[in-house]
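Protein chains in written order, with our numbering: chain Y, 85 to 599; chain U, 85 to 599.
Number of protein chains: 2
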Amino acid sequence: MRNPRLALALVVVAWATAAFAQSGPEAARAYREAHESAILRDFSELLRRPNRAFTPEARGTALFIRDRLREVGVASRLLEAEGASPAVLGVLEVPGAQRTLGVYAHYDGQPVDPSQWTHPPFEPTLYSRALESGGQPIDFPADGAPVDPEWRLYARSAGDDKAPIAAALTVLRAFGEAGIRPTSNLVFLFDGEEEAGSPHLGAFLRNESKVFDAVDGWLFFDGPSHASGRPQLVFGVRGSFGLEITVYGATRNLHSGHYGNWAPDTGNILARLLASMKDDDGTVLVKGWYESFEPIGAEERAALATMPDWDAELKRELGLARTEGQPQSLPERLLAPALNVRGISSGNTGSLARNVIPNTAVAALGVRLVKGNTVAQLRGLILDHIRAEGFHIVEREPTMEERLAHSRLVKVTGGEGGSVAARTSMAEPFAQSVIGAARAAADRAFGEGSLVLAPGMGGTLPLHLFTELGKPAVITPIANHDNNQHAADENLRVANLWYAIDLFAALTTMPPTDR
Amino acid sequence: MRNPRLALALVVVAWATAAFAQSGPEAARAYREAHESAILRDFSELLRRPNRAFTPEARGTALFIRDRLREVGVASRLLEAEGASPAVLGVLEVPGAQRTLGVYAHYDGQPVDPSQWTHPPFEPTLYSRALESGGQPIDFPADGAPVDPEWRLYARSAGDDKAPIAAALTVLRAFGEAGIRPTSNLVFLFDGEEEAGSPHLGAFLRNESKVFDAVDGWLFFDGPSHASGRPQLVFGVRGSFGLEITVYGATRNLHSGHYGNWAPDTGNILARLLASMKDDDGTVLVKGWYESFEPIGAEERAALATMPDWDAELKRELGLARTEGQPQSLPERLLAPALNVRGISSGNTGSLARNVIPNTAVAALGVRLVKGNTVAQLRGLILDHIRAEGFHIVEREPTMEERLAHSRLVKVTGGEGGSVAARTSMAEPFAQSVIGAARAAADRAFGEGSLVLAPGMGGTLPLHLFTELGKPAVITPIANHDNNQHAADENLRVANLWYAIDLFAALTTMPPTDR
Numbered sequence: 085m086r087n088p089r090l091a092l093a094l095v096v097v098a099w100a101t102a103a104f105a106q107s108g109p110e111a112a113r114a115y116r117e118a119h120e121s122a123i124l125r126d127f128s129e130l131l132r133r134p135n136r137a138f139t140p141e142a143r144g145t146a147l148f149i150r151d152r153l154r155e156v157g158v159a160s161r162l163l164e165a166e167g168a169s170p171a172v173l174g175v176l177e178v179p180g181a182q183r184t185l186g187v188y189a190h191y192d193g194q195p196v197d198p199s200q201w202t203h204p205p206f207e208p209t210l211y212s213r214a215l216e217s218g219g220q221p222i223d224f225p226a227d228g229a230p231v232d233p234e235w236r237l238y239a240r241s242a243g244d245d246k247a248p249i250a251a252a253l254t255v256l257r258a259f260g261e262a263g264i265r266p267t268s269n270l271v272f273l274f275d276g277e278e279e280a281g282s283p284h285l286g287a288f289l290r291n292e293s294k295v296f297d298a299v300d301g302w303l304f305f306d307g308p309s310h311a312s313g314r315p316q317l318v319f320g321v322r323g324s325f326g327l328e329i330t331v332y333g334a335t336r337n338l339h340s341g342h343y344g345n346w347a348p349d350t351g352n353i354l355a356r357l358l359a360s361m362k363d364d365d366g367t368v369l370v371k372g373w374y375e376s377f378e379p380i381g382a383e384e385r386a387a388l389a390t391m392p393d394w395d396a397e398l399k400r401e402l403g404l405a406r407t408e409g410q411p412q413s414l415p416e417r418l419l420a421p422a423l424n425v426r427g428i429s430s431g432n433t434g435s436l437a438r439n440v441i442p443n444t445a446v447a448a449l450g451v452r453l454v455k456g457n458t459v460a461q462l463r464g465l466i467l468d469h470i471r472a473e474g475f476h477i478v479e480r481e482p483t484m485e486e487r488l489a490h491s492r493l494v495k496v497t498g499g500e501g502g503s504v505a506a507r508t509s510m511a512e513p514f515a516q517s518v519i520g521a522a523r524a525a526a527d528r529a530f531g532e533g534s535l536v537l538a539p540g541m542g543g544t545l546p547l548h549l550f551t552e553l554g555k556p557a558v559i560t561p562i563a564n565h566d567n568n569q570h571a572a573d574e575n576l577r578v579a580n581l582w583y584a585i586d587l588f589a590a591l592t593t594m595p596p597t598d599r
Numbered sequence: 085m086r087n088p089r090l091a092l093a094l095v096v097v098a099w100a101t102a103a104f105a106q107s108g109p110e111a112a113r114a115y116r117e118a119h120e121s122a123i124l125r126d127f128s129e130l131l132r133r134p135n136r137a138f139t140p141e142a143r144g145t146a147l148f149i150r151d152r153l154r155e156v157g158v159a160s161r162l163l164e165a166e167g168a169s170p171a172v173l174g175v176l177e178v179p180g181a182q183r184t185l186g187v188y189a190h191y192d193g194q195p196v197d198p199s200q201w202t203h204p205p206f207e208p209t210l211y212s213r214a215l216e217s218g219g220q221p222i223d224f225p226a227d228g229a230p231v232d233p234e235w236r237l238y239a240r241s242a243g244d245d246k247a248p249i250a251a252a253l254t255v256l257r258a259f260g261e262a263g264i265r266p267t268s269n270l271v272f273l274f275d276g277e278e279e280a281g282s283p284h285l286g287a288f289l290r291n292e293s294k295v296f297d298a299v300d301g302w303l304f305f306d307g308p309s310h311a312s313g314r315p316q317l318v319f320g321v322r323g324s325f326g327l328e329i330t331v332y333g334a335t336r337n338l339h340s341g342h343y344g345n346w347a348p349d350t351g352n353i354l355a356r357l358l359a360s361m362k363d364d365d366g367t368v369l370v371k372g373w374y375e376s377f378e379p380i381g382a383e384e385r386a387a388l389a390t391m392p393d394w395d396a397e398l399k400r401e402l403g404l405a406r407t408e409g410q411p412q413s414l415p416e417r418l419l420a421p422a423l424n425v426r427g428i429s430s431g432n433t434g435s436l437a438r439n440v441i442p443n444t445a446v447a448a449l450g451v452r453l454v455k456g457n458t459v460a461q462l463r464g465l466i467l468d469h470i471r472a473e474g475f476h477i478v479e480r481e482p483t484m485e486e487r488l489a490h491s492r493l494v495k496v497t498g499g500e501g502g503s504v505a506a507r508t509s510m511a512e513p514f515a516q517s518v519i520g521a522a523r524a525a526a527d528r529a530f531g532e533g534s535l536v537l538a539p540g541m542g543g544t545l546p547l548h549l550f551t552e553l554g555k556p557a558v559i560t561p562i563a564n565h566d567n568n569q570h571a572a573d574e575n576l577r578v579a580n581l582w583y584a585i586d587l588f589a590a591l592t593t594m595p596p597t598d599r
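Okay, structure coming up:
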């Protein structure tokens with residue numbers, strides 16, 4: 085069915101003529117139960133397609149998805165740009181719909197090192213359970229044969245992030261058969277460069293502003309479930325940028341015997357500077373650090389209070405007797421800007437350690453922003469702090485004149501670009517609608533009260549590109565928390581694909597948002 | 085002349101029958117002026133012999149030196165041990181001498197990377213001046229042809245440390261011809277493992293205690309002239325040891341987005357620990373650090389006051405606007421124990437920096453001891469300091485139980501072995517004799533008042549092996565300060581070889597020490 089207009093017309097006719105015997109979630113559930121093995125096979129077809137951003141294969145995968153969308157009645161095309169992996173745009177207009185839902189996912193995947201994988205990463209392999217729990221490979225079941233929801237499907241991007249695409253296609257097919265129509269217009273945006281930092285996503289959003297301006301709220305299908313295994317909604321992400329600071333001693337490494345106790349000790353100078361930035365409790369001491377971020381509201385505080393208390397478990401798993409800012413929990417800490425040392429290099433350690441005073445010491449800093457912070461502002465605060473510690477700052481290797489003129493000299497680079505944070509208030513009517521629909525889907529898939537509401541996550545997603553357009557956005561993760569995202573042996577638990585189907589059906593048929 | 089007893093007897097006869105027309109230094113000077121080109125060729129024969137410790141070639145070099153010593157009347161043999169590069173022992177007994185001088189040098193050399201050298205390191209090459217001053221290679225002069233003292237002889241160990249051996253052989257030959265006899269018995273000890281840490285030297289000293297107990301004072305021919313180019317005597321060396329400290333975060337690297345602001349920031353933890361050890365002025369904050377070292381006396385203070393003020397020049401050369409403990413000078417700072425960071429490793433910096441919170445941060449510390457310090461005591465102070473900072477110390481990778489039990493956990497390794505410092509008081513009668521003789525040689529070779537008296541140097545030499553025997557020891561460097569010791573294109577300035585001959589002649593004929 086190559087003509088999307090025709091496809092759309094047929095679907096609309098189907099909806100218009102169907103008897104509305106079932107709710108959307110009920111229809112999707114019934115369809116899934118009747119087609120479990122076929123759904124797994126269809127998903128495998130998608131997983132089989134290599135998807136490293138910027139490769140010709142990724143473009144082929146985009147075309148494949150575009151065609152599958154057309155088959156379920158979505159007007160679909162590629163968004164292209166010079167040097168870009170295309171994004172797939174899909175539009176499903178629903179007559180009479182008062183809201184337009186944006187659906188974001190990404191079809192591209194992390195690079196793979198096949199030697200690390202138990203099976204080739206693009207040969208989807210079904211397992212009786214997780215490998216590390218003793219799972220065994222099993223054949224794909226015949227049509228109608230029972231499917232165990234604890235099975236795992238192993239392949240690159242099984243969890244991150246092709247599963248939402250498979251779920252959406254399944255639900256739309258189910259709706260088509262059952263004559264169900266979404267309650268919102270749907271705008272699909274399947275990114276082809278997320279794992280490469282989505283360099284063209286902003287341009288695509290701007291270039292197609294006519295389409296995207298119509299979106300009332302975004303659903304961001306990415307990321308894993310809560311570490312407890314429970315499904316979650318996440319209302320924000322942090323931004324990030326990196327800085328590198330280099331302190332200088334002599335123009336060359338000096339013999340620690342001949343010069344030790346006289347030559348500047350670069351490791352100690354850097355240590356003193358880093359130590360000045362953060363106290364023993366993890367509180368950042370950079371002046372103004374906590375002044376610009378947007379505090380959370382009553383809904384977020386309530387959500388924090390009811391989140392699973394996972395810190396004790398995490399600390400046990402990670403071998404930690406204490407954490408920064410304890411007794412504050414991890415979810416709470418993720419709502420404040422972070423400053424971490426990503427790396428330090430100076431001289432050598434271990435068997436390569438030599439009797440030198442290294443002529444430089446370098447630290448790579450990583451900053452995580454929260455809503456209200458900007459890269460320029462936090463970067464500026466760090467530079468101010470470094471100056472207040474008595475350092476003269478240069479942006480490239482210092483000249484001899486600079487070395488001789490300044491007793492404390494530091495090079496600071498990086499911080500350009502970076503990404504800002506985004507957070508949607510849980511009090512937003514759109515957020516409330518999404519919470520309602522997702523809670524119903526989670527209750528059905530994983531049991532009453534299973535849905536976790538997380539005010540923010542710690543990582544960085546290009547959510548700000550959407551929220552900067554003034555639209556609320558909610559992250560709707562569906563992958564199991566142990567999906568080995570970004571690593572070898574990535575996998576999706578079948579139960580999580582079933583949940584994704586329930587969730588997508590619930591979200592696309594949720595009642596209009598109360599405005 | 086294979087029979088050393090016969091050789092010795094002949095020399096003694098020569099001395100006994102010669103007319104004492106000249107002083108020792110005059111005789112050596114006259115001999116040198118008459119044989120300059122031959123002396124350079126003889127030195128080249130010595131330089132041609134490979135001398136990396138523990139190689140068969142090094143043993144061949146030891147045999148060569150043993151035979152040359154015998155030729156000038158020194159009873160000589162190898163000191164051997166399982167797996168050792170032999171040391172060369174030489175004894176010259178002088179009838180009636182009331183003192184025995186120990187003469188230490190080492191014939192072994194640093195490893196070479198020939199690709200770094202302008203000429204092969206064991207093909208001695210004569211230059212019109214230093215390479216970096218535009219020197220050109222020249223042929224070895226014919227017998228009697230003039231020799232420019234600014235010429236340089238390029239070869240491994242030209243400066244460090246075969247030149248003293250060549251000078252001693254020359255002087256003894258000159259003395260033999262002139263019928264001069266040393267005023268002291270001489271005990272030569274030419275180490276074959278100095279650049280490898282002299283692992284067997286202590287055993288050799290113990291095994292041959294009958295020979296070495298007789299030594300009244302040691303002359304330690306090693307190291308370069310003062311940085312100003314002036315000759316120097318040095319009365320002490322520092323000891324050294326290394327420690328490695330590793331702080332622990334989680335059991336694995338954590339994503340800085342998902343965990344930043346909660347997970348322990350290993351780089352910062354290490355930075356805070358290092359910063360606690362030393363203040364901004366370079367003063368070590370480890371409790372007790374400055375309590376055990378032996379203060380200098382009036383002679384040393386006077387020597388410090390008259391040393392060339394080389395700090396300003398050094399700072400200009402090294403691009404330093406300030407130094408630790410300024411305005412104290414480098415020579416003064418070398419008389420106190422030092423604590424430096426030799427290296428720090430944690431995560432990655434530069435293009436390899438990633439968004440992780442590294443699970444460990446490691447610092448290699450280097451300690452330099454001065455007289456009065458012991459390795460065990462300074463190591464203990466550092467451990468006490470780390471504990472006082474709230475850390476639990478382990479000596480190997482921590483167990484999960486240890487991780488969960490201790491909120492601050494550090495592994496400390498190293499510090500075994502190490503070496504202690506040594507310093508001979510400049511007020512010692514032996515030291516005063518050496519000062520007198522060396523001052524005369526320096527006045528003659530480099531001009532009135534050229535000799536620098538340095539109470540201590542910063543580096544480490546196995547001087548303590550000699551001073552622990554209760555004997556004074558003075559370091560008598562002869563190489564030019566820019567001899568590229570340990571590096572490619574090592575060289576000796578001819579004027580410094582002439583000085584070495586003057587110096588050796590003066591020291592071996594100095595009047596008996598006033599006791």
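For every residue, glycine included, the Cβ atom is placed at its ideal position computed from N, Cα and C.
What you are looking at is a predicted structure, and each value in this text was computed from that prediction instead of being measured.
Identification of residues in the segment 362-393 of chain Y having a C-beta nearer than 9 angstroms to some C-beta of chain U yields LYS362, ASP363, ASP364, GLY366 and VAL368, given in sequence order. By the Cβ criterion, the segment 285-302 of chain U is in contact with the segment 542-557 of chain U, since at least three pairs of Cβ atoms, one from each stretch, lie closer than 8 angstroms.
Taking 9 angstroms as the cut-off, the Cβ atoms of ARG136/U and ASP192/U count as close. In the three-state reduction of the DSSP assignment, ALA262/Y falls in the helix class.
Neighbourhood of SER309/Y in chain U, by CB distance below 9 angstroms: empty, with the nearest CB roughly 13 angstroms away.
Comparing C-alpha distances from ASP468/Y to each of LEU357/Y, THR145/Y and ARG385/Y shows the shortest one belongs to LEU357/Y. ALA584/Y is not a Cβ neighbour of GLU552/Y, given a cutoff of 9 angstroms. In this chain, the beta strand (DSSP E) harbouring ALA171/Y covers 171-176.
Residue state for ARG452/Y is assigned as strand, using DSSP reduced to three classes.
Interface residue (Cβ-Cβ distance to chain U less than 9 angstroms): ASN568/Y is not classified as such.
Nearest CB-CB separation between HIS339/U and chain Y: below the 9 angstroms threshold. Under the DSSP assignment, GLY157/Y falls outside any beta strand (DSSP E); it carries neither an H nor an E label. If you look at ILE428/U, you'll find it in the beta strand (DSSP E) that goes 422-431.
Counting only runs of 4+ residues, the alpha helix (DSSP H) found wholly inside the segment 278-343 of chain Y occupies 285-291, 293-296 and 340-343, in chain order. Listed in chain order, the positions of the segment 475-501 of chain U with a beta carbon within less than 7 angstroms of a beta carbon of chain Y are MET484, ARG487, LEU488, ALA489, HIS490 and SER491. Counting along the chain, the unbroken beta strand (DSSP E) around GLY186/U starts and ends at 184-190.
Against chain U, the beta carbon of ASN564/Y has no neighbour under 9 angstroms; the closest one sits roughly 16 angstroms away. Fewer than three Cβ pairs drawn from the segment 564-572 of chain U and the segment 321-331 of chain U lie within less than 8 angstroms of each other, which leaves the two stretches out of contact. Spanning the alpha carbons of GLU292/Y and ARG400/Y requires a straight line of approximately 48 angstroms.
At a Cβ-Cβ threshold of 9 angstroms, THR592/U and PRO208/U do not count as neighbours. PHE319/U is positioned such that its CB atom lies closer than 9 angstroms to that of GLY540/U. Counting along the chain, the unbroken alpha helix (DSSP H) around ARG528/U starts and ends at 513-530. HIS342/Y reaches chain U at LEU414, LEU418, MET541, GLY542 and GLY543, counting residues in chain order whose Cβ is nearer than 9 angstroms. DSSP places LYS399/U inside the alpha helix (DSSP H), whose first and last residues are 395-402. Considering only beta carbons, the part of the segment 425-453 of chain Y lying closer than 8 angstroms to chain U consists of VAL425, ARG426, GLY427, ILE428, SER429, SER430, GLY431, ASN432, THR433, GLY434, LEU436, ALA437, ARG438, ASN439, VAL440, ILE441, PRO442, ALA445, VAL446, ALA447, ALA448, GLY450 and ARG452, in chain order. Against ARG471/U, chain Y offers no close residue; the least beta-carbon distance is about 15 angstroms (beta-carbon pairs closer than 9 angstroms).
DSSP links PRO221/Y through a beta bridge to TYR211/Y. When only Cα atoms are considered, ARG125/Y and ARG213/Y end up about 17 angstroms apart.
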